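Residue numbers (my numbering): 29 to 254. For glycine and all other residues, C-beta sits at the position ideal for the given N, C-alpha and C. A quick note: this is a predicted structure, and the numbers were derived from the prediction, not measured. Data first, discussion second: the structure below is written as structure tokens.
Here it is in structure tokens:
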């Protein structure tokens, strides 16, 4: 499927799939969306509620361009956290594509460009020590193939939207996510549709509607309280 590079409203870039009119990140602002949905409502929320936990495990559903991983690295460096980060991606982006995103130079005036390159150069299916405080594992598999149980503190659920891949927003998938989280773990996503919320609730999640990023009225945060 054809993929093209597109500048978003905040000046950062995303990948656009014209055949299905889907974007890897919001056209209203790729960077703003990631910061709001995953960093603010996910990672920051978790750290504020469990301040003694200085080591966290994060699963990203849809590693894609690596934007969320890079922002998480930046946050961890500032807040003295140790992060074990797993990114699952069935169809990895090409070197040409991730280089065109230029996130390493876009974030904090280029302070993380080498880290961004190292993340994408790291070996798939292995634990890669990007720095002493950030370990990255990239797994090339479909989301329904995830088998981990009770492993993660946070899940960034950044799959393509239900309009184009409804099978990724079902009870079957969210049961896998529920099982993968530790108790009190949280899942955050840009999505807010009622059927998505109900699918989350049906597998045991407590679900909150939250203010969405630019271009979206709401988003969802689900917590495993059992």
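On a CA-only basis, which of 55, 122, 40 and 39 is nearest residue 46? Give me that one, please.
For residue 46, the nearest C-alpha among the options comes from 55.
Distance check for residue 124 and residue 37, CA to CA, integer angstroms please.
22 Å
Would you say residue 142 reaches chain D, if we count a Cβ-Cβ gap shorter than 7 Å as a contact?
This model lacks chain D altogether, as it is built from one protein chain only.
Out of 48, 49, 42 and 159, which one is the CA nearest neighbour of residue 94?
Out of 48, 49, 42 and 159, 42 has the C-alpha closest to the C-alpha of residue 94.
Tell me, which residues are paired with residue 222 by DSSP?
According to DSSP, residue 222 bridges with nothing at all.
Any chance the segment 72 to 83 sits against the segment 104 to 111, with 3 or more Cβ pairs inside 8 Å?
yes
For residue 83, which beta-bridge partners are listed by DSSP?
110
Is the beta carbon of residue 150 sitting closer than 7 Å to the one on residue 169?
no
Which two residues bound the contiguous beta strand (DSSP E) that contains residue 48?
No beta strand (DSSP E) holds residue 48; DSSP gives it neither H nor E.
Run through DSSP, which three-state label would residue 214 get?
Reduced to three states, the DSSP call for residue 214 is strand.
In chain order, what residues of the same chain lie with their CB nearer than 6 Å to the CB of residue 185, ignoring the 5 residues before and after it?
Spatial neighbours of residue 185 in its own chain (CB-CB distance under 6 Å, excluding positions within 5 residues in sequence) are listed in chain order as 89, 215 and 217.
Need the endpoints of the beta strand (DSSP E) that residue 134 sits in, please.
Unbroken run through residue 134 is the alpha helix (DSSP H), 131 to 134; no beta strand (DSSP E).
Can you list, in chain order, the residues of its chain with a C-beta nearer than 6 Å to that of residue 32? Leave out the 5 residues immediately preceding and following it.
44
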